[in-house]
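Protein sequence lines, in the order shown, are assigned to chains A and B.
The numbering of the first sequence is this note's numbering, which starts it at 144 and goes up by one.
The numbering of the second sequence is this note's numbering, which starts it at 144 and goes up by one.
There are 2 protein chains.
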Amino acid sequence: MKKSNPRGRPKRYDREKALDQITQVFWEHGFAATSLDMVSAATSMKRPSLYAAFGDKRAMFLTVQTRFAENLSSDLANILMRPHAPTDVLKDFFKHLIETYTSGPNAPYGCLVFSVGLVEAVTETEVGALIRQVNQSIENDLRSFLERAIKSGALPKAKDTDVLTSLLVALIHSIAVRARSGVKPSSLTDMAERAIHSLLI
Amino acid sequence: MKKSNPRGRPKRYDREKALDQITQVFWEHGFAATSLDMVSAATSMKRPSLYAAFGDKRAMFLTVQTRFAENLSSDLANILMRPHAPTDVLKDFFKHLIETYTSGPNAPYGCLVFSVGLVEAVTETEVGALIRQVNQSIENDLRSFLERAIKSGALPKAKDTDVLTSLLVALIHSIAVRARSGVKPSSLTDMAERAIHSLLI
DNA sequence: CAATTTAATTGCGAAATAGTACAAAAATAA
DNA sequence: TTATTTTTGTACTATTTCGCAATTAAATTG
Chain A
144 MKKSNPRGRP KRYDREKALD QITQVFWEHG FAATSLDMVS AATSMKRPSL YAAFGDKRAM
204 FLTVQTRFAE NLSSDLANIL MRPHAPTDVL KDFFKHLIET YTSGPNAPYG CLVFSVGLVE
264 AVTETEVGAL IRQVNQSIEN DLRSFLERAI KSGALPKAKD TDVLTSLLVA LIHSIAVRAR
324 SGVKPSSLTD MAERAIHSLL I
Chain B
144 MKKSNPRGRP KRYDREKALD QITQVFWEHG FAATSLDMVS AATSMKRPSL YAAFGDKRAM
204 FLTVQTRFAE NLSSDLANIL MRPHAPTDVL KDFFKHLIET YTSGPNAPYG CLVFSVGLVE
264 AVTETEVGAL IRQVNQSIEN DLRSFLERAI KSGALPKAKD TDVLTSLLVA LIHSIAVRAR
324 SGVKPSSLTD MAERAIHSLL I
């Protein structure tokens with residue numbers, strides 16, 4: 144059952160596709176260095192259409208930030224639910240993270256939230272709040288994962304899950320920084336896997 | 144022996160003081176959101192004077208980036224040379240780092256290099272190179288520090304210094320992210336100290 | 001005291017930028 | 001077919017921004 148067409152002239156653009164394209168521009172150049180003309184070019188939408196669809200530049204930025212955060216968080220949370228050995232799960236976890244941070248069309252752009260958004264956190268309270276919330280969410284997921292692993296006997300009881308969790312989150316932040324600075328993905332994978340082994344074995 | 148005054152009209156500004164003021168502006172707002180008028184207001188120098196002294200906006204930014212990196216790196220390197228117990232030295236190390244990242248005049252701005260500079264790394268090769276170089280330098284200093292500690296018997300031989308080093312660097316990056324996102328300094332200190340204990344004991 | 005040198009100040013001009021008013025286009029509804 | 005609704009496209013305005021040319025100011029040198 145397809146819903147009947149809406150009243151007026153149909154939209155030319157696809158909302159999700161447009162948001163992907165907007166994301167790319169902000170991801171590469173950051174908030175302030177991105178002009179609406181660049182966004183317009185990337186989406187093939189004229190500025191008035193952009194405004195009608197997504198609000199002003201600030202609103203657009205907040206939208207893609209939260210969207211990126213939600214997608215990444217949920218991907219990572221799903222990986223943590225897989226029924227494999229903890230080290231394998233964490234390897235997949237960081238593999239996906241690194242893939243996300245390094246596979247832009249032109250270059251590695253790192254993390255849209257932890258790198259690009261972060262700069263605005265000082266002047267835009269909402270961005271700061273989002274970042275803290277994303278951290279909290281990933282942190283909670285990781286801690287539950289580790290506690291589950293200990294409960295099931297897959298991980299030694301002696302592990303301090305709080306410290307372990309914050310070190311894994313630190314690893315995420317570090318990968319974000321290094322990815323955008325141009326460190327090659329294989330290096331990042333190496334680092335992550337060695338850290339996982341050292342921390343969990 | 145004071146060197147004789149130079150030929151023409153004397154400069155009104157003090158170069159180092161001006162660079163401090165320029166640093167503050169970029170640190171708070173990032174590169175693109177900073178206008179030369181803001182820099183002009185912060186330094187009480189008119190734009191032509193700024194241009195004569197520091198070149199254009201991009202050159203100014205590169206100057207304060209490298210200056211910040213050099214100052215911080217050298218401070219941290221010095222702390223690592225102190226003849227105390229490894230855990231105490233590392234506590235001081237992170238205490239200084241957190242102090243640097245959180246004690247701006249208005250707010251916590253995090254790291255000028257790892258947060259503010261990082262955004263430009265994609266479009267400005269030099270910034271990316273600087274960041275990689277700073278990471279390398281701190282990493283080397285930390286690794287030597289750990290190797291020294293093991294040699295002197297202050298740290299168990301079993302430690303994998305490479306992994307340990309990259310986890311400590313990750314902790315730095317994480318503190319940079321969290322500081323700018325608005326996490327309060329005491330939380331950061333807590334996290335750092337617990338991580339140090341867990342990693343070194 | 002002139003002449004010279006260097007720095008500071010004023011203010012202009014060209015370009016970029018964000019936002020929006022208004023007209024044209026493309027669909028549905030009657 | 002005509003009216004209505006919604007999106008798209010054009011074009012304008014006000015503002016910001018950068019870089020620089022020309023002028024004024026403050027020092028040293030002879």
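Ideal Cβ positions, reconstructed from N, Cα and C, are used throughout, including at glycine.
| Item | Value |
| --- | --- |
| Please go through the stretch 220–260 of chain B and give each complete beta strand (DSSP E) segment of 3 or more residues, from N-terminal end onward. | none |
| Just by C-beta distance, which residues in the stretch 236–250 of chain A are closer than 7 Å to chain B? | A250 |
| With contact counted as at least three CB pairs below 8 Å, one residue from each stretch, are the stretch 312–328 of chain A and the stretch 312–327 of chain B in contact? | yes |
| Mapping DSSP to helix, strand and coil, what is B:Y156? | coil |
| For the stretch 296–316 of chain A, which residues have a CB atom closer than 9 Å to at least one CB atom of chain B, in sequence order? | D303, D305, V306, L307, S309, L310, V312, A313, L314, I315 and H316 |
| If you draw a straight line from the C-alpha of A:F237 to the C-alpha of B:R158, how long is it? | 45 Å |
| For A:I344, report the span of its alpha helix (DSSP H) as first-last. | Counting along the chain, A:I344 falls outside any alpha helix (DSSP H), and DSSP gives it neither H nor E. |
| Taking 9 Å as the CB-CB cut-off, is A:T230 touching chain B? | no |
| Mark A:D199 as exposed unless 16 or more other C-beta atoms lie within 10 angstroms of its C-beta, in which case mark it buried. | exposed |
| Between A:M334 and chain B, is there a C-beta pair that is closer than 9 Å? | yes |
| Note down, in chain order, every chain A residue with its Cβ under 7 Å from the Cβ of B:F257. | V320 |
| Can you list the residues of chain A that B:S341 reaches, using a CB-CB cut of under 7 Å? | D303 and V306 |
| When Cβ atoms are compared, which residues of the stretch 188–204 of chain A fall closer than 8 Å to chain B? | none |
| Can you give me the Cβ contacts of A:M334 inside the same chain, cut-off strictly under 6 Å, excluding the 5 residues immediately before and after it? | none |
| Measure the alpha-carbon distance for B:R225 versus B:D218 and round it to whole angstroms. | 12 Å |
| Using CA atoms only, rank isn't needed, just tell me which of A:A196, A:H172 and A:K154 is closest to A:A250. | A:H172 |
| Could you check where the alpha helix (DSSP H) with A:N283 kicks off and where it finishes? | T268 to K294 |
| Should A:S329 go down as buried or exposed, given a rule of 16 or more other Cβ atoms within 10 Å for buried? | exposed |
| Hey, is the stretch 201–216 of chain A in contact with the stretch 242–260 of chain A, meaning 3+ C-beta pairs nearer than 8 Å? | yes |
| If you follow the alpha helix (DSSP H) that A:M188 is in, where does it begin and where does it stop? | That residue, A:M188, is in no alpha helix (DSSP H); it is neither H nor E in DSSP. |
| For A:M203, count neighbouring C-beta atoms within 10 Å of its own C-beta (all shown protein chains included) and say buried if the count is 16 or more, exposed if not. | buried |
| If A:A161 sits next to A:T186, beta carbons under 8 Å apart, how far is it from one beta carbon to the other, in whole angstroms? | 5 Å |
| For B:P278, does the count of other Cβ atoms within 10 angstroms reach 16, so buried, or fall short, so exposed? | Correcting the residue type first, residue 278 of chain B is Asn in the shown sequence and not Pro. Burial call: buried. |
| What is the DSSP secondary structure of A:F169, reduced to helix, strand or coil? | helix |
| Out of B:G151, B:V182, B:V265 and B:G247, point me to the one whose CA is closest to B:K327's CA. | B:G247 |
| Give me the subset of the stretch 164–189 of chain A whose CB atoms are less than 9 Å from a CB atom of chain B, sorted by chain position. | W170, E171, H172, G173, F174, A175, A176 and T177 |
| If the cut-off is 8 Å on Cβ atoms, which residues from the stretch 277–295 of chain B count as contacting chain A, listed in chain order? | N278 |
| Under the three-state reduction of DSSP, which class applies to B:V326: helix, strand or coil? | coil |
| Use the C-beta contact count for A:A264: other C-beta atoms within 10 angstroms, 16 or more gives buried, fewer gives exposed. | buried |
| Excluding sequence positions up to five away, which residues of its chain have a Cβ less than 7 Å from the Cβ of B:E336? | K234 |
| Rounded to whole angstroms, how far is the Cβ of A:V306 from the Cβ of B:S341, which I believe are closer than 8 Å? | 4 Å |
| Using CA coordinates, which residue listed in A:S287, A:S183, A:R323 and A:I165 is at the minimum distance from A:T245? | A:R323 |
| Just the chain A side, please: which residues come within less than 8 Å of B:S324 by C-beta, in chain order? | L261, A264, G271, I274, R275 and N278 |
| Rounded to whole angstroms, what is the Cα-Cα separation between A:F288 and A:L223? | 6 Å |
| Could you name the residues of chain B that A:A338 contacts, counting a contact when the two beta carbons are closer than 8 Å? | V306, S309, L310 and A313 |
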